[in-house]
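In order, the protein sequence lines correspond to chains U and H. For the first sequence, the residue numbers in the numbering used here are 810 to 1251. For the second sequence, the residue numbers in the numbering used here are 569 to 663. Each residue gets a CB set at the ideal place from its N, CA and C atoms; glycine is no exception. Structure record follows, encoded as structure tokens.
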Amino acid sequence: MSTVPQSCDVVVIGGGPAGSLAATYLIDKGYSVALFERQKHPRYAVGESLLPDVWKYCDAAGVTEAIANEGFIRKAGGSVDWNGEMRRLSFSDFGYTRPAMHVERDRFDEILLDRARARGAWVGEEIAVLDTDFSRAEHDESEVSVTYRPVGDSLAAKIRCSYVLDASGQTGVIGRQLGLRVFDEGFRFMSVWGYFDDSKYIAADGLIYSAQSVREKPPTTYVSALPQGDGWAWLWHIMLRKTTSIGLVVPIAWAQSTKGSAESWEAWFLRQCEAIPLLQRLLADAKFCPGSVRLVRNYSYKSKRIAGPGYFLLGDAAGFVDPIFSVGVVFAMYSAYAAAHTIDRCLAQRARRDHHRSIFSSQMQARLELSRSLALPYYQEQDAGHAQAREAMAFSSTQAQALMYAASMLTDRSGNFDSMADSPEAHRAAAERVRLLEIPSR
Amino acid sequence: MKYTDEQIFDALASFFAQQGISREGAIAVAPDTDVIGQGLIDSLGIFKLIAFVEETFAVTIEPDEVVLENFQTLRALGNLIAKKLAGAGQKQVVL
């Protein structure tokens, strides 16, 4: 690794999709970028389902071919078992022509980071950002400093820049430092997941296939309400190339009250999986990968401010809600694009930087509120963000609204959608495209 | 600089042509085309469109003006721009 530069235009904290894409977009606009990643790629991350929306961001970063050549699993849509009814949704029915995917995030993220490096970003892995100093940014946004330290090193050092992008995910380096993060006390969720080899899966025809067929019969993402949960707890089943990612999203309080005091999270996880008959059928010949169980318990939160003098928050560092609609990576990529565009405008017109930042903030907050309004159980019309969320919904294409409505219908959250949009057209389009299926196990 | 309503519309239509957003030219963007509902302006395009309007007409689009009412059609956006330009012109007269 070459020496860390002493200064650059933009420092990016974090080498996930938000950080790597933002670095690439900024380099392409002619700015110098230093990116710090605490871990070393490929780094562990949960296997994930990606919406077809990711392609336009890959196009803009010139990384589409590398992603396509990797041969990730193409998914056929979603199969959702909620309240005893099984429904299917297929993206092609909503006019999408490019595939949705199931990706190993360690590999997906590595491809994006390689792209940033190849374009000319200075990329430092295993370097932790300790502190950021914006005290002079109010007067001059070229006066930001970032303190970092290589992992295992005792000496910290500083780099100067005009802007810092916080793409540090749930860690939220700047959000924590400036006290920007606000948790939703009524929706404290956690996620517990693990991996299985040789799981069967459900294809678009609603039938069950063995793992060997995953290339010729593309899988759907199988989602099920947890019958033992409270209607907001659910599980995912995502076929990957060599293994299957299975995870639970549950209220923290419920998980704690059901876990035996001597029980491990692994044992608890396997016990919950066993309580779902259809999942058991898929796992009949599967082998659990011991030691693969992980958990995250920081749901859900937003940020009081999403940008300020000298900084912008991206992706999960800005906000995080129930991942049920798979919008996390798309939001990360969107925020990378929006931040790169905004920094370009700010550096070109320094006198108007407050204005450009305010456009970024309002667009990002509206989009976050839209995700929250669709996913959160207790989202209220009197919630301060409701008007913003409604506006963001109105600003979406009829096709996008139909897909959001369909997704909310599948999971019994259509009431949320109804409070957001008065669009008979989107309702009709969604209702026509959601198929009721026979539940294979019953 | 003074713009007629027609010049404003032509400039906005040229933005869509430059962006290649009018899909192979098959969809002509008329003054009342629903550019949001039809997906001709998406969440990325809106940033470019705001920048284009601000640079071309030397006006400022405030965050709370980025609403469906002002951006659903080029006629609506043109009206917003014309109102801003008229406001700026009046100020100059007063000065």
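Restricting to Cα atoms, I'd like to know which of the options is closest to residue i.
i: His1046 (chain U); options: U:Ala1193, U:Leu1057, U:Gln1037, U:Gly1040; result: U:Leu1057
i: Ala1198 (chain U); options: U:Arg1050, U:Leu1183, U:Thr1207; result: U:Leu1183
i: Phe900 (chain U); options: U:Gln1210, U:Phe1226, U:Ser1223; result: U:Gln1210
i: Asp1153 (chain U); options: U:Ser811, U:Thr812, U:Val813, U:Asp818; result: U:Asp818
i: Ala1193 (chain U); options: U:Cys970, U:Val813, U:Lys1113; result: U:Lys1113
i: Ser1206 (chain U); options: H:Leu636, H:Ile604, H:Gln640; result: H:Ile604
i: Phe577 (chain H); options: H:Leu642, H:Ile618, H:Ile609; result: H:Leu642
i: Gln815 (chain U); options: U:Glu952, U:His1236, U:Ile1061; result: U:Glu952
i: Met1142 (chain U); options: U:Leu987, U:Thr1220, U:Phe917, U:Val855; result: U:Phe917
i: His1236 (chain U); options: U:His850, U:Phe903, U:Tyr840, U:Ser1144; result: U:Phe903
i: Leu1185 (chain U); options: U:Ala869, U:Thr833, U:Ala930, U:Val1059; result: U:Val1059
i: Phe1204 (chain U); options: H:Leu580, H:Glu630, H:Val635; result: H:Val635
i: Ile614 (chain H); options: H:Ile629, H:Phe625, H:Thr601, H:Asp600; result: H:Ile629
i: Glu623 (chain H); options: H:Gln640, H:Leu653, H:Val597, H:Pro599; result: H:Leu653
i: Arg1244 (chain U); options: U:Thr1151, U:Arg896, U:Ile1017, U:Leu921; result: U:Arg896
i: Thr812 (chain U); options: U:Trp931, U:Arg1242, U:Thr1151; result: U:Trp931
i: Arg997 (chain U); options: U:Trp1041, U:Glu1025, U:Gln1089; result: U:Trp1041
i: Gln1021 (chain U); options: U:Asp923, U:Arg958, U:Lys1051, U:Arg1166; result: U:Lys1051
i: Tyr957 (chain U); options: U:Phe943, U:Ala937, U:Cys970; result: U:Ala937
i: Asp1125 (chain U); options: U:Ala1076, U:Val991, U:Ser1054, U:Tyr1214; result: U:Val991
i: Phe943 (chain U); options: U:Ala1215, U:Asn878, U:Arg969; result: U:Arg969
i: Glu574 (chain H); options: H:Pro599, H:Val621, H:Ala585, H:Glu633; result: H:Pro599
Span of the alpha helix (DSSP H) holding residue i?
i: Ser1171 (chain U); result: 1162-1184
i: Ala1123 (chain U); result: Note that residue 1123 (chain U) is Leu in the sequence shown here, rather than Ala. From DSSP, Leu1123 (chain U) is part of no alpha helix (DSSP H); its letter is neither H nor E.
i: Asp578 (chain H); result: 573-586
i: Tyr1146 (chain U); result: 1137-1157
i: Asp868 (chain U); result: 863-870
i: Glu637 (chain H); result: 636-639
i: Val982 (chain U); result: 982-986
From what residue to what residue does the beta strand (DSSP E) around residue i run?
i: Arg1103 (chain U); result: 1103-1105
i: Phe917 (chain U); result: Element bounds for Phe917 (chain U): not the beta strand (DSSP E) but the alpha helix (DSSP H), 914-928.
i: Gly887 (chain U); result: 886-891
i: Ser954 (chain U); result: 953-959
i: Cys970 (chain U); result: 966-970
i: Thr941 (chain U); result: 936-942
i: Leu860 (chain U); result: Premise fails: Leu860 (chain U) is in no beta strand (DSSP E) and is neither H nor E.
So residue i packs on residue j, CB below 8 Å; how close in whole Å?
i: Tyr905 (chain U); j: Leu612 (chain H); result: Tyr905 (chain U) to Leu612 (chain H), Cβ: 16 Å. No contact.
i: Glu1178 (chain U); j: Leu1049 (chain U); result: In fact, because the Cβ distance is near 32 Å, the residues do not count as touching under 8 Å.
i: Tyr972 (chain U); j: Tyr1120 (chain U); result: 7 Å
i: Phe583 (chain H); j: Leu617 (chain H); result: 6 Å
i: Arg1115 (chain U); j: Val1023 (chain U); result: A quick correction: the sequence has Ile, not Arg, at residue 1115 (chain U). The Cβ separation is near 39 Å, so there is no contact.
i: Val788 (chain U); j: Ala976 (chain U); result: This structure leaves residue 788 (chain U) out entirely; chain U is present only between 810 and 1251.
i: Ile1061 (chain U); j: Arg928 (chain U); result: Going by Cβ atoms, the distance from Ile1061 (chain U) to Arg928 (chain U) rounds to 41 Å, so no, they are not a contact pair.
i: Glu1219 (chain U); j: Val889 (chain U); result: According to the sequence as given, residue 1219 (chain U) is Leu; it is not Glu. Going by Cβ atoms, the distance from Leu1219 (chain U) to Val889 (chain U) rounds to 4 Å, so yes, they are a contact pair.
Based on the DSSP output, what are the partners of residue i in its beta bridges?
i: Pro1233 (chain U); result: Per DSSP, none; premise fails for Pro1233 (chain U).
i: Asp975 (chain U); result: U:Ile822, U:Leu1122
i: Arg1244 (chain U); result: U:Arg897
i: Gly828 (chain U); result: Gly828 (chain U) pairs with nothing; no bridge assigned.
i: Arg883 (chain U); result: U:Met910
i: Lys1111 (chain U); result: U:Val991
i: Trp1043 (chain U); result: U:Ala1034, U:Val1058
i: Pro1028 (chain U); result: U:Ala1012
i: Gly933 (chain U); result: U:Phe845
i: Gly1117 (chain U); result: U:Tyr1120
i: Met760 (chain U); result: No answer is possible for residue 760 (chain U): it lies beyond the span of chain U, which begins at 810 and ends at 1251.
i: Thr767 (chain U); result: The question about residue 767 (chain U) has no answer here: the residues shown for chain U are numbered 810 through 1251.
i: Ile629 (chain H); result: DSSP lists no partner for Ile629 (chain H).
i: Ile1017 (chain U); result: U:Ile1011
i: Ser816 (chain U); result: U:Arg969
i: Lys1096 (chain U); result: U:Asp1006
i: Phe1129 (chain U); result: U:Tyr1110
Report yes or no: is there a C-beta of chain A within less than 7 Å of the C-beta of residue i?
i: Gly646 (chain H); result: Although the question refers to chain A, the structure presented lacks it and instead comprises the protein chains U and H.
Sufficient close CB pairs (3 or more, under 8 Å) joining the stretch 855-869 of chain U to the stretch 1169-1184 of chain U: Contact between the stretch 855-869 of chain U and the stretch 1169-1184 of chain U is absent: fewer than three C-beta pairs spanning the two stretches fall below 8 Å.
Answer yes if the stretch 981-989 of chain U comes into contact with the stretch 1132-1144 of chain U, meaning at least three C-beta pairs across the two stretches below 8 Å, and no otherwise. A contact is defined here as three or more CB-CB pairs under 8 Å, and the stretch 1132-1144 of chain U fails this definition with respect to the stretch 981-989 of chain U.
Give a yes or no on contact between the stretch 1089-1107 of chain U and the stretch 989-1002 of chain U, applying the rule of three or more CB pairs nearer than 8 Å. Yes: the two stretches touch, three or more of their Cβ pairs being nearer than 8 Å.
Per the contact definition of three or more C-beta pairs closer than 8 Å, is the stretch 1027-1045 of chain U in contact with the stretch 1082-1102 of chain U? Touching, yes, given that three or more Cβ pairs across the two stretches are closer than 8 Å.
Would the stretch 822-832 of chain U count as touching the stretch 882-894 of chain U if we require 3 or more Cβ pairs under 8 Å? The answer is no - the stretch 882-894 of chain U does not touch the stretch 822-832 of chain U, with fewer than three Cβ pairs under 8 Å.
Report yes or no: do three or more beta-carbon pairs, one from the stretch 864-876 of chain U and one from the stretch 1015-1034 of chain U, lie closer than 8 Å? Contact between the stretch 864-876 of chain U and the stretch 1015-1034 of chain U is absent, because fewer than three Cβ pairs lie under 8 Å.
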